[in-house]
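Protein chains in written order, with full-length UniProt numbering: chain A, 1 to 140; chain B, 1 to 804.
Structure record follows, encoded as structure tokens.
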Amino acid sequence: MRENDVILQTVSKIAVFIILTFGVYLFLAGHHHPGGGFIGGLTLSSAFVLLYLSFDVETVNAGIPLDYRKLAATGVLISVCTGMGSLLFGSAFLSQTFAYFNLPLFGKTELATVVLFEAGVALGVIGVVVTIITSISGEV
Amino acid sequence: MTLIHYLILMPILAAAFIPLLGVGAPKLHLGWGAITVPILLFSFFVSYVPAIASGDVFSASVAWMQALDLHFAIHLDGLSLIFTLLITGIGSLVVLYSIFYMSKERESLAHFYAYLLLFMGAMLGVVLSDNLMVLYLFWELTSVSSFLLIAFWFRRKNSRYGAQKSFLITVGGGISMLVGFIMLHVMSGTNSIQEIIAMRDTLHEHSLFVPALVLILIGAFTKSAQFPFHIWLPDAMEAPTPVSAYLHSATMVKAGLFLVARFTPVFGGEATWFWLVSGVGIFTMFWGSFSAVKQKDLKALLAYSTISQLGLIMSLFGLGSAALQGGASTESVLYTKAIFAALFHLVNHSTFKGALFMIVGIVDHEVGTRDLRKLGGLIAFMPVTFSLAVISSFSMAGLPPFNGFLSKEMFFTAVLNANQMTLFSMETWGLLFPIVAWIGSVFTFAYSMILVFRTFLGPYRREKLEKTPHEAPIGMLISPIILCGLIVLVFFMPNQLSHYLLSPAMNSILPTYANMDGLIPHISAWHGFNLELLMTIGVAVIGAVAVKTLRYWYLVYDFFPEHRSIDSGYRWMLSAGERLSHQATSRYMTGFLRHYLYYIYGFLLLITGGTLLLSGSIIIDPSGDAPVAVYEVIIVLVMAAAAIGIPFTKSRMTAALLNGVLGYSIAIFFVLFRAPDLALTQLVVETVTTVLFLLCFHHLPEWSREERSLKVRLPKLLVSIGMGALTVLIALSVQGNRLFDSISSYFEDSYDLAGGRNIVNSILGDFRAFDTMLEVVVLFIAGIGVYTLVTLKAPKGEDERERE
Numbered sequence: 001m002r003e004n005d006v007i008l009q010t011v012s013k014i015a016v017f018i019i020l021t022f023g024v025y026l027f028l029a030g031h032h033h034p035g036g037g038f039i040g041g042l043t044l045s046s047a048f049v050l051l052y053l054s055f056d057v058e059t060v061n062a063g064i065p066l067d068y069r070k071l072a073a074t075g076v077l078i079s080v081c082t083g084m085g086s087l088l089f090g091s092a093f094l095s096q097t098f099a100y101f102n103l104p105l106f107g108k109t110e111l112a113t114v115v116l117f118e119a120g121v122a123l124g125v126i127g128v129v130v131t132i133i134t135s136i137s138g139e140v
Numbered sequence: 001m002t003l004i005h006y007l008i009l010m011p012i013l014a015a016a017f018i019p020l021l022g023v024g025a026p027k028l029h030l031g032w033g034a035i036t037v038p039i040l041l042f043s044f045f046v047s048y049v050p051a052i053a054s055g056d057v058f059s060a061s062v063a064w065m066q067a068l069d070l071h072f073a074i075h076l077d078g079l080s081l082i083f084t085l086l087i088t089g090i091g092s093l094v095v096l097y098s099i100f101y102m103s104k105e106r107e108s109l110a111h112f113y114a115y116l117l118l119f120m121g122a123m124l125g126v127v128l129s130d131n132l133m134v135l136y137l138f139w140e141l142t143s144v145s146s147f148l149l150i151a152f153w154f155r156r157k158n159s160r161y162g163a164q165k166s167f168l169i170t171v172g173g174g175i176s177m178l179v180g181f182i183m184l185h186v187m188s189g190t191n192s193i194q195e196i197i198a199m200r201d202t203l204h205e206h207s208l209f210v211p212a213l214v215l216i217l218i219g220a221f222t223k224s225a226q227f228p229f230h231i232w233l234p235d236a237m238e239a240p241t242p243v244s245a246y247l248h249s250a251t252m253v254k255a256g257l258f259l260v261a262r263f264t265p266v267f268g269g270e271a272t273w274f275w276l277v278s279g280v281g282i283f284t285m286f287w288g289s290f291s292a293v294k295q296k297d298l299k300a301l302l303a304y305s306t307i308s309q310l311g312l313i314m315s316l317f318g319l320g321s322a323a324l325q326g327g328a329s330t331e332s333v334l335y336t337k338a339i340f341a342a343l344f345h346l347v348n349h350s351t352f353k354g355a356l357f358m359i360v361g362i363v364d365h366e367v368g369t370r371d372l373r374k375l376g377g378l379i380a381f382m383p384v385t386f387s388l389a390v391i392s393s394f395s396m397a398g399l400p401p402f403n404g405f406l407s408k409e410m411f412f413t414a415v416l417n418a419n420q421m422t423l424f425s426m427e428t429w430g431l432l433f434p435i436v437a438w439i440g441s442v443f444t445f446a447y448s449m450i451l452v453f454r455t456f457l458g459p460y461r462r463e464k465l466e467k468t469p470h471e472a473p474i475g476m477l478i479s480p481i482i483l484c485g486l487i488v489l490v491f492f493m494p495n496q497l498s499h500y501l502l503s504p505a506m507n508s509i510l511p512t513y514a515n516m517d518g519l520i521p522h523i524s525a526w527h528g529f530n531l532e533l534l535m536t537i538g539v540a541v542i543g544a545v546a547v548k549t550l551r552y553w554y555l556v557y558d559f560f561p562e563h564r565s566i567d568s569g570y571r572w573m574l575s576a577g578e579r580l581s582h583q584a585t586s587r588y589m590t591g592f593l594r595h596y597l598y599y600i601y602g603f604l605l606l607i608t609g610g611t612l613l614l615s616g617s618i619i620i621d622p623s624g625d626a627p628v629a630v631y632e633v634i635i636v637l638v639m640a641a642a643a644i645g646i647p648f649t650k651s652r653m654t655a656a657l658l659n660g661v662l663g664y665s666i667a668i669f670f671v672l673f674r675a676p677d678l679a680l681t682q683l684v685v686e687t688v689t690t691v692l693f694l695l696c697f698h699h700l701p702e703w704s705r706e707e708r709s710l711k712v713r714l715p716k717l718l719v720s721i722g723m724g725a726l727t728v729l730i731a732l733s734v735q736g737n738r739l740f741d742s743i744s745s746y747f748e749d750s751y752d753l754a755g756g757r758n759i760v761n762s763i764l765g766d767f768r769a770f771d772t773m774l775e776v777v778v779l780f781i782a783g784i785g786v787y788t789l790v791t792l793k794a795p796k797g798e799d800e801r802e803r804e
């Protein structure tokens, strides 16, 4: 399968960045528009999967030295811990809050704690998807 | 959160940080870090003594899950205070002792102290909780930490066996107790123990009252090693000796006694309660001491002795509960003496048994064996240890001038009082109590003497010992010296103990008698030549004769052969359970994927389809449907063609791609129905799954033609058609059934409530964040599962099961 993948490799080098950007956009857009942690995470992980498909596992691992199992665990931990955060302020577990700030360059901006929670979701999804894909393909 | 809440959580948090201390200060023996926790806790709880003694109680509650009536509620009264002082006081001494007992080089101290502190927190939780469910949580946590500590030397087969046994029995009892608690909740409508106590009069009539009582008692009996559940305690002696001293004599096994004491105001006065608690207790007392005499291992002897002493205290709680029959009167106040004796002996037992375990640990540590057949003549080498052993075991035997004498005399008083009772048909059976108690005490005297004299006196046989014995280091002696000091101190000043600790506890166990005259007896060492003293003298004389003629007694023990013991019954149950479940499992775990799918879909069809049919909810109401457009029909046709095509394809690749067609078409539907979030998710998920499918093909064998026989294909066809039909029916019926009002209006406020205009994500991340969080956790577990299954295979031939 690996004989004629020059085109695939060249295209993916560019496409991966487009997908990654799109994934980050989806993640950030989720509060008001379609997107969010789960779908953002999935899109990001599909970029990684594309890399793994067009190059071999060793090359990608050398380029992006990430332990995806730890990434997944970190994500889950973040999601759970942000829920605990609200306990410190006397609210129920997993209460989210938001506020508007005037930031330079951005102007009036809404900052919400749900972003942290969603970041955990996204990291968890990326970690799990890539772990599954690489552990299955690693057997080939 | 009040201070007491933090006191409960402190050891549990410390357990998490202890391993870090080991990394930070590698030269330090971790015990020095761990000991600060119980000492701090002890001083905090001591500071509550004056207030409690003057009649205060401390209650506080932190809301946890309102809907389940689950609150982190605590209640510190006299009864809890005794236990907290025992837990933290003995805990400090045990940790101090363990610093010299546990070698820093050889043992994994981080684990040891983490488990020990975890246990300490759990135990504090048990005695301080006012909420049934929280109490249960901590209760099971003590079982878990006990399991971990018994199996601390997990390379030994016996340790693992003992840990499993104690876990199965105590957790089994715990579950029964949970059911009892739920029944209590059903009866009273509250989880608060204090509220249940307040409404005790209304509960008696309820039909669940006696079942709840029995179930809760099973929990208490298993934990406190009462007959016939006592069999786990001797095996638990595989734990390191500090653990045995702490968990299996001074604290955890007393949790059952605590539970009985705590629920005496609720169940006391009920005949079932009286007979079960006192009867099981007194028999356990006899059986434990009877079995202790024949033991050859010092720790096993102490284990049976603990069983016996726990039985003694249990029977006293049972006898004392008679005082709650009818109202509080000057007559029935006589019976409360049993409860007082129980509390007094509970404290005394912790002092002398804690000391004895530490002494046996010293002998084991310095001599290298605890086998009575090898020991002897150690007095010349270990004079201090010998003196301590004399003090603590004479106290256990009930001799003056030690605290055991006082409580043993009160025990005799209580059983003699029981003989005079005129309720619960005690006129007929009452005489049994003093007789059994007396016989049990003779055995107690006998094994106490065996413990001291066989170990420290008699011939010294160097050739049987592994090393030359010598006196223990001072650090190991401090804790037993303190405990022995207490033994003597309590003998001379029992009324101070009674005033500060026992009388507040009496008030909380017997609320109807609170502060009544005659409730708190004056304890005096000399009370004239009465029957109790004569009984004690009789015990000493007959006991001494028994020890001298022990040889002949062993004939009696031959009547109880090993293969007819309760222990072998337990082993038979265990192996029969394994055999049975193995047979049952291998019957349906055939290894054929299609069979598993039949089970899953069969149940789904049966349950969901059955519910649909029986509840008559198949209502198809097309009136509210939107008009169907042409392009929708086209997509449906494409999907149908792809789906029908899959079973007829010749290669896996085609099947996977056709499956992909299905998935992408659904995404198009989502777009058409204006659900961009869903469409996006569906697209990406479909892409990733298709990739996964393609990757998996490398592992699969060639796609061979299946069996074409009707017998194989017909069930498949039926299940597929059934599932398809069911799904369509459900989808259509959902529209026709409006069981409740739509909740969508709530989510329309997402911008005001959650600051987000994307309703879907506001639901996911804010309104229903708990679901999302758990979904991520489930996803993670699934990922780890796939990873372990795929990559962590044992190399060929190394898997035990493969060789079979």
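We treat Cβ as the ideally placed atom computed from N, Cα and C, and that holds for glycine.
Asked, Found
"Cross-chain neighbours of Pro-676/B in chain A, by beta carbon under 7 Å", "Pro-34"
"Chain-ordered residues of the stretch 677-693 of chain B with a beta carbon less than 7 Å from chain A", "Asp-677, Leu-680, Thr-681, Val-684, Val-685, Thr-687, Val-688, Val-691, Leu-692"
"Ala-15/B in three-state terms, based on DSSP", "helix"
"Beta carbon proximity, Val-140/A to chain B, threshold 9 Å", "Residue placement at Val-140/A is poorly supported in this model, since its pLDDT is 45, which falls under 50; the coordinates are not used for a value here."
"Proximal chain B residues relative to Thr-43/A, where beta-carbon distance stays under 7 Å", "Val-684"
"C-beta contact flag for Thr-690/B and Gly-645/B at 9 Å", "no"
"Beta carbon proximity, Leu-8/A to chain B, threshold 9 Å", "no"
"Neighbour flag for Met-773/B against chain A, beta carbons, 9 Å", "yes"
"Backbone secondary structure at Thr-385/B - three-state DSSP", "helix"
"Beta-carbon proximity check, Leu-81/B vs Ala-505/B, cutoff 9 Å", "yes"
"Where Ser-349/B falls, given that 16 or more other Cβ within 10 Å makes a residue buried", "Per the sequence shown, the amino acid found at residue 349/B is His instead of Ser. Looking at its Cβ environment, which holds 16 or more other Cβ atoms inside 10 Å, His-349/B is buried."
"Residue of Ile-339/B, Ser-289/B, Gly-281/B minimising C-alpha distance to Gly-311/B", "Gly-281/B"
"The stretch 19-39 of chain B in contact with the stretch 92-110 of chain B per 3-pair CB rule at 8 Å", "yes"
"Short Cβ contact (9 Å threshold) for Asp-518/B with Thr-264/B", "In the sequence under discussion, the amino acid at residue 518/B is Gly, which differs from the Asp named in the question. Not closer than 9 Å, so no."
"Cβ separation of Gly-40/A and Phe-27/A, assumed to be a contact under 8 Å, to the nearest whole Å", "3 Å"
"C-beta neighbour in chain A for Gly-663/B, strict 9 Å", "no"
"Bridge-paired residues (DSSP) for Asp-297/B", "Asp-371/B"
"Per-residue contacts from Gly-756/B into chain A (C-beta, under 9 Å)", "Gly-30, His-31, His-32, Phe-98, Glu-110, Ala-112, Val-114"
"Buried versus exposed, by CB contacts within 10 Å (16 or more), Phe-45/B", "buried"
"Rounded Cβ spacing between Leu-489/B and Val-384/B (contact assumed at less than 8 Å)", "That pair is no contact at about 18 Å."
"Spatial distance of Asp-741/B from Phe-669/B (CA atoms)", "26 Å"
"Alpha carbon of Ala-250/B to alpha carbon of Leu-203/B, nearest angstrom", "33 Å"
"Inter-residue CB distance, Ser-54/A and Ile-19/A (contact presumed, cutoff 8 Å)", "That pair is no contact at about 12 Å."
"Contact under 9 Å by Cβ, Leu-124/B with Leu-302/B", "no"
"Contacting positions in the stretch 42-74 of chain A - beta carbon closer than 8 Å to chain B", "Leu-42, Thr-43, Ser-45, Ser-46, Val-49, Leu-53, Arg-69, Ala-72, Ala-73"
"Alpha helix (DSSP H) runs wholly inside the stretch 563-635 of chain B, at least 4 long, in chain order", "566-588, 593-604, 610-614"
"Test item: CB-CB of Lys-353/B and Ser-392/B under 9 Å", "yes"
"Exposure label - Ile-537/B; buried when at least 16 CB within 10 Å", "exposed"
"CB contact check: Ile-136/A to chain B, cutoff 9 Å", "yes"
"Cβ-based burial, Met-187/B [other Cβ within 10 Å; buried from 16]", "buried"
"Chain A contact for Glu-804/B (CB, 9 Å cutoff)", "Bear in mind that the predicted position of Glu-804/B carries a pLDDT of just 43, short of 50, making it too unreliable to give a figure here."
"DSSP three-state assignment for Val-333/B, whether helix, strand or coil", "helix"
"Span of the alpha helix (DSSP H), counted from its first residue to its last, around residue 855/B", "Outside the displayed span of chain B (1 to 804) sits residue 855/B, for which this structure offers no information."
"Distance, Ala-245/B Cα to Met-358/B Cα", "7 Å"
"Other residues of its chain near Glu-802/B: CB distance less than 7 Å, five sequence neighbours each side excluded", "Below a pLDDT of 50, predicted positions are generally treated as unreliable, and Glu-802/B, at 49, falls in that range; no measurement from the model is reported."
"Euclidean distance between Cα positions of Val-140/A and Gly-124/A", "Unreliable positioning characterises Val-140/A in this predicted model, as indicated by a pLDDT of 45, which lies under 50. A coordinate reading is not provided."
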